[in-house]
Amino acid sequence: MKWIVAGFVALVFSVLSFNAFIANDLSRQTRGNRLIAMLTDLYGWLMGTLGAVPTGVLFAACAVGIVVLAVRDGKKAS
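This is the structure:
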C-alpha cells in the first residue's frame with residue numbers, strides 16, 4: 034500500500050514539474066474541489082514567485098524525495 038501511495042504522489046509531483054518546465058499555467062482552469070483549488074493557487078503562486086524552472090526543479094526534488102523516503106523506510110523494516 035505504501036508503494037502505491039508513494040508512486041501516486043511522486044507521479045503527481047512529476048506531472049507538476051513537467052507543467053512548470055513547459056510554463057503551463059494551471060490557474061486558468063476551472064476549479065470545483067477545494068483541495069484542487071488550494072493546490073492550483075499554490076502552484077500559481079510558486080510560478081509567479083520563483084519562475085518556471087525553479088518551480089519545476091522543486092517539484093522534481095519532491096518527487097524524488099518521496100521515492101527515496103519510501104525506499105529508506107522499506108530498508109528499516111527488514
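First residue of the sequence shown? That's 34 in my numbering, and the numbers climb one at a time after it. Cβ coordinates follow ideal geometry from the N, Cα and C atoms, glycine included.
On the criterion of 16 or more Cβ atoms from any shown chain inside 10 Å, does residue i qualify as buried, or is it exposed?
i, result
"Gly65", "exposed"
"Ile122", "Absent from the model: residue 122. The displayed extent of the chain is 34 to 111, so no value can be given."
"Leu102", "exposed"
"Ala56", "exposed"
"Ala94", "exposed"
Using CA atoms only, rank isn't needed, just tell me which of the options is closest to residue i.
i, options, result
"Leu91", "Met34, Phe54 and Leu102", "Phe54"
What are the boundary residues of the alpha helix (DSSP H) that residue i is part of?
i, result
"Gln40", "Position check: residue 40 holds Gly in this sequence, whereas Gln was assumed. Per DSSP, Gly40 belongs to the alpha helix (DSSP H) from Lys35 to Phe54."
Within 7 Å: the Cβ of residue i and any heavy atom of the ligand NAD?
i, result
"Met34", "Absence of the ligand NAD from the depicted structure is noted, as is the absence of any ligand whatsoever, leaving it without description."
For this session: Tell me, please, whether the region 96-109 touches the region 74-87 by the rule of three or more beta-carbon pairs shorter than 8 Å.
Result: no
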